[in-house]
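Some notes on the structure that comes next.
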Amino acid sequence: MTDSTPQASTAISSAATDFRCGYIAIVGRPNVGKSTLMNELIGAKVSITSRKAQTTRHRITGIQTVADTQFVYVDTPGFQTRHSNALNKTLNRTVTTTLTAADVILYIIEAGTFGPADQQVMALLPANVPCILVINKSDRVKDKAVLLPFAQKIAAMRDFAAVVPVSAKLRFQLDNLQGEIRKHLPANPPMFGEDDITDRSEKFLAAEIVREKVFRFVGDELPYTSTVLIEKFELEGNLRRVFAAILVERDTHKSMVIGQKGARLKDISTQARLDMERLFGGPVYLEIWVKVKSGWADNEAGLRAYGYE
Ligand SMILES: Nc1nc2c(ncn2[C@@H]2O[C@H](COP(=O)(O)OP(=O)(O)OP(=O)(O)O)[C@@H](O)[C@H]2O)c(=O)[nH]1
Ligand SMILES: [Mg+2]
47 MTDSTPQAST AISSAATDFR CGYIAIVGRP NVGKSTLMNE LIGAKVSITS
97 RKAQTTRHRI TGIQTVADTQ FVYVDTPGFQ TRHSNALNKT LNRTVTTTLT
147 AADVILYIIE AGTFGPADQQ VMALLPANVP CILVINKSDR VKDKAVLLPF
197 AQKIAAMRDF AAVVPVSAKL RFQLDNLQGE IRKHLPANPP MFGEDDITDR
247 SEKFLAAEIV REKVFRFVGD ELPYTSTVLI EKFELEGNLR RVFAAILVER
297 DTHKSMVIGQ KGARLKDIST QARLDMERLF GGPVYLEIWV KVKSGWADNE
347 AGLRAYGYE
């Protein structure tokens, strides 16, 4: 063997070990801003958000690749502590299985608020995985002096790898958070292509976008008893043709979605189409129908049929 062989192999292996890649689970009670945070971290909107709780219903991956790191974030549904129907059980199972596969966990709470629902999620955090305490919505706290004692109080409850106050909405401290995350990622080659932003299909993302508009445009009760199904998704050159169905429980719900002379459905449809065009980078033809289908959220078979894991 010549002298150059070991040198060459050292060079290759050190280049490989410099690159880091791993799974980062994002968990917390409903509405703390998990999905907003993931979208802002990766710089693309792959996970839907709303001011209502229980917006996220699936495990959604958001990927960001920089020179020396591939961050594979996994957004999860807010952990449900109130009702124990089949849908909520499914949502919670998604959270616990995501935790078991994580290299790093971001445990998200809201600045100035810590209640029993936050405590229940904290109890799920495995002891042998590094957890970063992320205190989101820090922009909402007017008197910043209260943030430090609040952070100290929560940080004392368990062994956290780091404590980072952020504002996902204002992108405050996100670089710092990424630096902390990287420290705990394993040396691995990238798992996804460098331009990938999610492992979800366009069809799945289309359904989510329509569901977000239902959350945003229709009154408080309805979103929880409705879901969206993509019946057809066709690609014709650069044009995507999307045929979606909003499934609701009752006829009265159907008229709530459609609105006066169809005005609300028109808003849902226009906004959903614009979001899809932005995300997919091309024109979209979108047709949405509203259908009554009761009981879909009550049993596991029904949930599986609509894509719940
Ligand atoms: N002021 C402020 N609002 C935020 C921030 N981050 C998120 N929000 C808002 O909080 C609400 C909930 O955000 P989501 O990202 O949907 O929260 P989530 O934790 O994913 O919610 P679920 O999926 O329902 O569990 C939305 O209205 C967001 O705009 C923040 O840093 N500051
Ligand atoms: Mg969410």
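In our numbering, the protein residues as written are 47 to 355. Note that CB positions come from ideal geometry on N, CA and C, so glycine has one too.
Assigned with DSSP and collapsed to three states, Ser81 falls in helix. In its chain, beyond the 5 residues on either side, Ser93, Ile94, Thr95, Thr101, Thr102 and Asp121 have a beta carbon closer than 7 Å to the beta carbon of Ser81. Lys199 and Val192 have their alpha carbons spaced roughly 11 Å apart. Just so you know, the alpha carbons of Gln166 and Thr142 end up roughly 12 Å apart. Considering only Ile109, Val78 and Ala113, the residue with the shortest C-alpha distance to Lys98 is Val78. Relative to the Cα of Lys339, the nearest Cα in the group Val330, Thr298 and Thr316 belongs to Thr298. Under DSSP, Asp121 takes part in a beta bridge, and its partners are Ile72 and Ile106. Closest option to Tyr270, judged by alpha-carbon separation, among Ile292, Arg287 and Phe279: Ile292. With a threshold of 7 Å, the Cβ atom of Thr107 does not count as near ligand 2, since no heavy atom of the ligand is closer than that. Glu277 is bridged by DSSP to nothing; it lacks a bridge partner. For Val256, the enclosing alpha helix (DSSP H) has its first and last residue at Glu248 to Phe263. Straight-line spacing of the CA atoms in Glu295 and Ser272 works out to 7 Å.
Within 10 angstroms of the beta-carbon of Ser184 lie 16 or more other beta-carbons, which makes it buried. Taking every protein chain shown into account, the CB of His129 has fewer than 16 other CB atoms within 10 angstroms, so this residue is exposed. At a cut-off of 7 Å, the beta-carbon of Thr95 counts as near ligand 2: some heavy atom of the ligand is closer than that. Looking only at Lys229, Pro76 and Glu333, the smallest Cα-Cα distance to Asp64 is reached by Lys229. The bridge partners DSSP lists for Arg217 come to none. A distance below 8 Å separates the beta carbons of Thr107 and Arg246.
A distance criterion of 7 Å places the beta-carbon of Asp321 beyond contact range of ligand 2, judged by its closest non-hydrogen atom. Beta-bridge partners of Pro211 (DSSP): Ile181.
Excluding its 5 nearest sequence neighbours in each direction, Leu231 has C-beta neighbours in its own chain below 7 Å: Arg66, Cys67, Gly68, Thr115, Asp149 and Val150, listed in chain order. Of the candidates Ile155, Leu194, Ala157 and Met168, Met168 places its Cα closest to the Cα of Leu145. With a threshold of 7 Å, the Cβ atom of Ser81 counts as near ligand 1, since some heavy atom of the ligand is closer than that. Per DSSP, Glu323 lies in no beta strand (DSSP E); the unbroken alpha helix (DSSP H) holding it starts and ends at Ala309 to Phe326. Asn284 sits exposed, since fewer than 16 C-beta atoms from the chains shown fall within 10 Å of its C-beta. Cβ contact annotation for Ser315 (same chain, cutoff 7 Å, sequence separation greater than five): Leu332 and Ile334, in chain order.
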